[in-house]
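A.B. asks:
In full-length UniProt numbering, the protein residues as written are 1 to 131.
1) According to the Cβ coordinates, are residue 48 and residue 30 closer than 9 Å?
2) State the Cα-Cα distance for the pair residue 12 and residue 116, rounded to the nearest angstrom.
3) Considering just the uninterrupted stretch of the beta strand (DSSP E) at residue 86, what are its terminal residues?
4) Tell me whether residue 46 is buried or exposed, calling it buried when 16 or more other Cβ atoms sit within 10 Å of its Cβ.
5) Give a yes or no on whether the C-beta atoms belonging to residue 65 and residue 84 are separated by under 9 Å.
6) Report the three-state DSSP secondary structure of residue 116 (helix, strand or coil).
7) Sort out for me which residues DSSP pairs residue 55 with in a bridge.
8) In the DSSP assignment, the alpha helix (DSSP H) including residue 103 goes from what residue to what residue?
9) State buried or exposed for residue 103, treating a residue as buried only when at least 16 other CB atoms are found within 10 Å of its CB.
10) Taking residue 55 as the reference, give the member of 111, 124, 120, 27 with the closest Cα.
11) Any idea what DSSP makes of residue 60, helix, strand or coil?
12) Which of the three DSSP states, helix, strand or coil, is assigned to residue 5?
Shown next, in the form of structure tokens:
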């Protein structure tokens, strides 16, 4: 018995029945799963099925939290994520995220920068509302 399951098999199992799938009236299918920066429901962008996935969210104490799956523990979801938090200014955080994602998955660089920018905009709006 093998201890690893291929990502393609995981995708085939979850693609039809997944709690993260969001369908709209126009026939578009989106995904809200962690690790899916594109929000597209496809194998290439899936954070659950892929061994290499990056997730960018608001940090617990402000800032931006970047999570990436470790390849050695990709089959163990509780141990798989490595999280880093950045409380830098927006431009520096975007540059740091691009650099970190480029070394891990180069095809996600642009969307990682866009997600960091969106999180910073949301944090700025939240801080303005508190004043």
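Positions of the beta carbon are idealized from the N, C-alpha and C atoms, including for glycine.
From a predicted model like this one, the values you see are computed outputs, not experimental measurements.
C.D. replies: In short:
1) Indexing the chain shown from 1 puts residue 48 at position 48. Indexing the chain shown from 1 puts residue 30 at position 30. With respect to the 9 Å criterion, residue 48 and residue 30 are not classified as neighbours on the basis of their beta carbons.
2) Here residue 12 refers to the residue found at position 12 of the chain shown. Here residue 116 refers to the residue found at position 116 of the chain shown. Linking residue 12 to residue 116 through their CA atoms gives a straight-line distance of about 30 Å.
3) Counting from one through the chain shown, the residue named residue 86 turns up at place 86. From DSSP, the beta strand (DSSP E) with residue 86 extends over 81-86.
4) Within the chain shown, numbered from 1, the residue matching residue 46 stands at position 46. Classification of residue 46: buried, given that the 10 Å Cβ count is 16 or more.
5) On the chain shown, position 65 is the one that residue 65 refers to. On the chain shown, position 84 is the one that residue 84 refers to. In contact: residue 65 and residue 84 (Cβ atoms closer than 9 Å).
6) Indexing the chain shown from 1 puts residue 116 at position 116. The answer is helix: DSSP assigns residue 116 an H, G or I state.
7) On the chain shown, position 55 is the one that residue 55 refers to. For residue 55, which the question treats as bridged, DSSP gives the partners 67.
8) What you label residue 103 is simply residue 103 of the chain shown in a count that begins at 1. Under the DSSP assignment, residue 103 falls in the alpha helix (DSSP H) whose first and last residues are 90-104.
9) Looking up residue 103 in the chain shown gives position 103. Label assigned to residue 103: exposed.
10) Locating residue 55 in the chain shown gives position 55, counting from the first residue. Residue 55 has its Cα closest to that of 111, out of 111, 124, 120, 27.
11) Along the chain shown, read from residue 1 onward, the residue named residue 60 stands at position 60. Three-state DSSP puts residue 60 in a strand.
12) As a first step, residue 5 is located in the chain shown; it is residue number 5 there, counting from the start. Here residue 5 sits in coil by DSSP.
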